[in-house]
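Have a look at the structure below before the remarks.
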Amino acid sequence: MSTSLSFKSLVAAAALVIAGAAGLGTSATHAGEFSSATVVKPKAGLSFPVGSKQAVGYFLAERGGCDLTLLIGEAGEAASEAAKGGTASRFSTLVAAGRTARIDTADGPSVEFFCSTGASFLTTRVYERVAYSTPAAR
20 MSTSLSFKSL
30 VAAAALVIAG
40 AAGLGTSATH
50 AGEFSSATVV
60 KPKAGLSFPV
70 GSKQAVGYFL
80 AERGGCDLTL
90 LIGEAGEAAS
100 EAAKGGTASR
110 FSTLVAAGRT
120 ARIDTADGPS
130 VEFFCSTGAS
140 FLTTRVYERV
150 AYSTPAAR
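Read in order, the letters of the sequence shown correspond to residues 20 to 157 in my numbering.
In structure tokens:
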């Protein structure tokens with residue numbers, strides 16, 4: 020019985036990811052280009068570049084969602100200099116199960132976090148926001 024529940028959970032998770040990717044693929048043409056998605060389980064570390072910054076963090080399945088904690092600081096050579104001054108920022112938020120949260124940066128890229136139903140995994144995508152303007156009226 021537990022094997023079939025695990026398999027059913029896996030199938031449901033895969034369906035959510037595929038459905039989410041299908042929906043995001045449509046909006047991505049309007050919002051910008053998405054990086055590949057990173058999927059993590061609770062308490063697993065995550066690390067990804069966001070423009071000139073590097074983000075590292077984790078999430079816990081708590082309070083009906085994904086309790087996300089990120090540290091965001093300089094990347095590359097700037098990170099060595101920043102380490103001397105301690106310029107990393109901490110960001111914590113609760114992403115409700117089945118919902119999405121986004122963080123925009125000053126230098127372009129944005130990050131999207133999707134918390135699965137039941138908070139069993141968190142999907143992270145980095146993407147470039149593209150300004151959109153409607154055609155001028157004639």
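Built from N, CA and C at the ideal position, the CB exists for glycine as well.
Asked, Found
"Nearest to Gly137 (by Cα), restricted to the options Ser55, Pro61, Ala56, Thr57", "Pro61"
"Minimum C-alpha distance to Glu96 - residue among Gly64, Arg109, Pro154, Ser71", "Ser71"
"Cβ-Cβ distance between Thr142 and Ser111 below 8 Å", "no"
"Continuous beta strand (DSSP E) stretch holding Val149: start and end", "Neither: Val149 is in no beta strand (DSSP E) and is coded neither H nor E."
"C-alpha gap between Ala94 and Glu147, whole angstroms", "18 Å"
"Reduced DSSP category for Gly137 - H, G, I as helix; E, B as strand; rest coil", "helix"
"In chain order, each beta strand (DSSP E) run of at least 3 residues that lies wholly inside the segment 63-132", "65-69, 72-81, 84-93, 108-115, 119-123"
"Length of the line joining the Cα atoms of Phe58 and Ser66", "For the record, residue 58 in the displayed sequence is Val; it is not Phe. For Val58 and Ser66, the distance between alpha carbons rounds to 11 Å."
"Inter-residue spacing [alpha-carbon to alpha-carbon] between Pro154 and Ile122", "28 Å"
"Length of the line joining the Cα atoms of Pro128 and Val149", "9 Å"
"C-beta atoms of Phe132 and Val114 nearer than 8 Å", "yes"
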